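**Student:**
Protein chains in written order, with my numbering: chain A, 10 to 319; chain B, 22 to 294.
1) Keeping to the same chain, check which residues put their C-beta closer than 7 angstroms to that of residue 229 of chain B; ignore five residues upstream and five downstream.
2) Among A:277, A:108, A:83, A:144, whose alpha-carbon lies nearest the alpha-carbon of residue 160 of chain A?
3) Would you check if the distance between the CB atom of residue 123 of chain B and the CB atom of residue 105 of chain B is smaller than 8 angstroms?
4) Would you mind stating whether residue 238 of chain A and residue 185 of chain A have Cβ atoms separated by less than 8 angstroms?
5) Are the beta-carbon atoms of residue 49 of chain B and residue 100 of chain B separated by less than 8 angstroms?
6) Round the Cβ separation of residue 247 of chain A and residue 259 of chain A to the nearest angstrom and send it over; I've been treating them as touching at under 8 angstroms.
7) Can you give me the Cβ contacts of residue 159 of chain B inside the same chain, cut-off strictly under 8 angstroms, excluding the 5 residues immediately before and after it?
8) Using DSSP with H/G/I as helix, E/B as strand and the rest coil, what is residue 52 of chain B?
9) Taking Cβ-Cβ distances shorter than 7 angstroms, what residues in chain A pair up with residue 135 of chain B?
10) Who are the Cβ neighbours of residue 86 of chain A in its own chain at under 6 angstroms, not counting the five residues just before and after it?
11) Quick check on residue 271 of chain B: does DSSP put it in helix, strand or coil?
12) Find the nearest neighbour of residue 169 of chain A within the set A:150, A:139, A:265, judged by alpha-carbon distance.
13) Could you round the C-beta distance between residue 214 of chain B and residue 243 of chain B to whole angstroms and report it? I think they count as a contact, below 8 angstroms.
14) If we define contact as Cβ-Cβ less than 8 angstroms, is residue 99 of chain A a contact residue for chain B?
15) Which residues mark the beginning and the end of the alpha helix (DSSP H) in which residue 190 of chain B is found?
16) Alpha carbon to alpha carbon, how far is residue 295 of chain B from residue 247 of chain B?
17) Identify, in the order they occur along the chain, each residue of the same chain with its Cβ nearer than 8 angstroms to the Cβ of residue 164 of chain A, setting aside the five sequence neighbours on each side.
18) Grouping DSSP H, G and I as helix and E and B as strand, with all else coil, what is residue 146 of chain A?
19) Is residue 300 of chain A close to chain B, meaning its C-beta is less than 8 angstroms from at least one C-beta of that chain?
20) Less than 8 angstroms between CB atoms is the rule here; does residue 105 of chain A satisfy it with respect to chain B?
21) Given 8 angstroms as the limit, is there contact between the stretch 271 to 282 of chain A and the stretch 93 to 108 of chain A, that is, 3 or more CB pairs closer than that?
22) Does the Cβ of residue 69 of chain A have 16 or more other Cβ atoms within 10 Å, making it buried, or fewer, making it exposed?
23) Only counting the same chain, and skipping five residues up and downstream in sequence, which positions put a Cβ closer than 7 angstroms to that of residue 290 of chain A?
24) So is residue 175 of chain B in contact with chain A if we call contact Cβ pairs under 8 angstroms?
25) Distance check for residue 272 of chain B and residue 279 of chain B, CA to CA, integer angstroms please.
26) List the DSSP bridge partners of residue 134 of chain B.
27) What span of residues does the beta strand (DSSP E) with residue 73 of chain B cover, start to end?
28) Residue 212 of chain B and residue 180 of chain B look like a contact to me (Cβ under 8 angstroms); what is the Cβ gap, rounded to whole Å?
29) Take the Cβ of residue 213 of chain A as the centre, count every other Cβ of all protein chains shown within 10 Å, and call the residue buried at 16 or more, exposed below.
30) Starting from residue 40 of chain A, follow the beta strand (DSSP E) in both directions and report where the run begins and ends.
31) If you follow the beta strand (DSSP E) that residue 119 of chain B is part of, which residue opens it and which one closes it?
32) Please check the pair residue 56 of chain A and residue 249 of chain A, which I expect to be a contact at CB under 8 angstroms, by giving their CB distance rounded to whole angstroms.
33) For residue 279 of chain A, does the three-state DSSP call read helix, strand or coil?
34) Name the chain B residues that come within less than 7 angstroms of residue 204 of chain A, Cβ to Cβ?
35) Could you work out which residue in B:96, B:176, B:58, B:276 is closest to residue 51 of chain B when comparing CA atoms only?
36) Would you mind working out which of B:164, B:161, B:225 sits nearest residue 192 of chain B, comparing C-alpha positions?
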């Protein structure tokens, strides 16, 4: 008979010489030397001009720039998510017109770089000096009907509506809408078809199925990448500097650098500011992702109300 | 008749909009194709009020597809299907068929409960939420009223203490019983069961069949696609054997199960009994 383990009978403890990894020590040594060189450079290279950087990093226009950056991030993400939901629903609607419009939108706004979009929207006043509201093609059909004047009800100066900030925000939001549309579409498609059928069989209309059953379940797939998008968007607000949006963080830091010939310290200040804010966002993302942990629906509620079912 | 056409929406018929007689479900020459694959090849059957009809047959015979045609989850390719005197999915006017709008189809479906093989409970809602969702959203029942009714139903399926649990915390048998309660919450006049016990561990089949038996005794009209021959014999009022998209044989369950006339029925039963 083969030996079977008997409960209670102690076996010989395993005492083996562990495998050695000398190459780890070599790697650690090399990295230590490189790190020391880097720190040495930070301290000794005068171009960093740390005192100057610290002086100006928290100056009033820079701090205002931080708030502009944060507001632009939040607003463009909110508009982007709403647009994304609309576009994703259009894409999955089965209506050929809506499907192609949604596809075309995504194609355009994903295909054009954000920087180009930002500059393009910043210069839209070249295209339209005024934005007018009225019936379309009035210059043709009014003349054809023998009518005088036009069918435009009111007009506003483009520069007053589309200030640098709004133009830049529009560019970022519209571009984000395209990316969010793809994320939300993936989320909606990840929901089992049986869910839709069960809801339909209960007499729910297509609209209700989407709002009450499919979208809420798509959330757990949608939320983690949306966190990524938010962090990416925060960094992309730096593109607003090229619209140009003069009150924006990166523009302000560069302006100080250019004015004082201290370009490099201000670029380092930009790195530190963006790193600081994205780090805070990453902490937020960690908690959100933990809450939307896939396959843990019951535990979402449990964590919120602290109860344990079962 | 409509046998030759593939497009029921444009076919003109001499018959009026009313079904032949007062049965709850009337299927008349129901055809269904998926592309070039014809799954249903002309199903004719009637389910009377209060009748429990069990549908059996080999996999791929079209049983589930037929069931899904009854509540219009699948569109018929040809033929007609009435539930409660209403033509499912279409309106017949001056000899022409018009497709119903989404909310009209939804209204028709709200009178027909369906239980799926894979339960399809809503994982983001609690058990109570699953049962109250449709009454609140579709019938606009006040939430507390719907909750009280849901508790009664959970009592009936033996799960009153699971109201606050989530589907992923329940066993398969418990989930299926919740799914039955969810369907009953809409107070349907017809219940469809699509292999309700096929995804269950053997020891959990009994608890679901008990609930169904209880429902049948309460007078519910049921169409049950199943492989449970014991249930069909004991609870069913009629048994339909389907094969290759057609009804091969039907009649009283004991009669069909013990004296199958058709050789395809005999072959099938010899394998499963």
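Backbone N, C-alpha and C define an ideal beta-carbon position, used for all residues, glycine too.
Fair warning: this is a prediction, and the values are worked out from it, not measured in the lab.
**Tutor:** Taking the definition as stated:
1) Excluding positions up to five away in sequence, the list reads 194, 197, 198, 217, 218, 221.
2) The shortest Cα separation from residue 160 of chain A among A:277, A:108, A:83, A:144 belongs to A:144.
3) It is not a contact, given that the beta carbons lie outside the stated cut-off.
4) Cβ distance < 8 angstroms, so residue 238 of chain A and residue 185 of chain A count as in contact.
5) Yes, the pair counts as a contact, with Cβ atoms nearer than the cut-off.
6) Sure, about 4 angstroms apart at Cβ, within 8 angstroms.
7) Cβ within range, chain order: 127, 131, 207.
8) Residue 52 of chain B: strand per DSSP, three-state reduction.
9) Chain A residues near residue 135 of chain B: 210.
10) Closer than 6 angstroms at the Cβ level, and outside the excluded window around residue 86 of chain A, lie 239, 242.
11) Of the three classes helix, strand and coil, the one that applies to residue 271 of chain B here is strand, per DSSP.
12) Out of A:150, A:139, A:265, A:139 has the C-alpha closest to the C-alpha of residue 169 of chain A.
13) Confirmed, Cβ separation roughly 7 angstroms.
14) No, no contact with chain B.
15) Careful: residue 190 of chain B lies outside any alpha helix (DSSP H) and carries neither H nor E.
16) Since the displayed chain B opens at 22 and closes at 294, residue 295 of chain B lies outside it and no answer follows.
17) Around residue 164 of chain A: 139, 140, 141, 142.
18) Of the three classes helix, strand and coil, the one that applies to residue 146 of chain A here is coil, per DSSP.
19) At least 8 angstroms separates the CB of residue 300 of chain A from every CB of chain B.
20) Contact of residue 105 of chain A with chain B is not assigned, every C-beta pair being separated by 8 angstroms or more.
21) Cβ pair count under 8 angstroms is below three, so no.
22) Exposed is the call here.
23) Non-local beta-carbon contacts of residue 290 of chain A in its own chain, meaning distances under 7 angstroms to residues more than five positions away in sequence, involve 239, 240, 243 in chain order.
24) In terms of beta-carbon proximity, residue 175 of chain B stays away from the interface with chain A, with every pair separated by 8 angstroms or more.
25) The alpha-carbon atoms of residue 279 of chain B and residue 272 of chain B are separated by roughly 11 angstroms.
26) DSSP lists B:212 as the beta-bridge partner residues of residue 134 of chain B.
27) First-last of the beta strand (DSSP E) with residue 73 of chain B: 73 to 77.
28) About 18 angstroms; that fails the 8 angstroms criterion.
29) Buried: at least 16 other Cβ atoms inside 10 Å.
30) Where residue 40 of chain A is concerned, there is no enclosing beta strand (DSSP E), although the alpha helix (DSSP H) around it starts and stops at 31 to 53.
31) It spans 117 to 120 - the beta strand (DSSP E) in which residue 119 of chain B sits, taken as one unbroken run.
32) 27 angstroms between Cβ atoms; not a contact.
33) Residue state, collapsed to three classes: helix.
34) For residue 204 of chain A, the residues of chain B that pass the 7 angstroms Cβ criterion are 141, 143, in the order they occur in the chain.
35) The closest CA to that of residue 51 of chain B, considering only B:96, B:176, B:58, B:276, is found on B:96.
36) Considering only alpha carbons, the answer is B:225.
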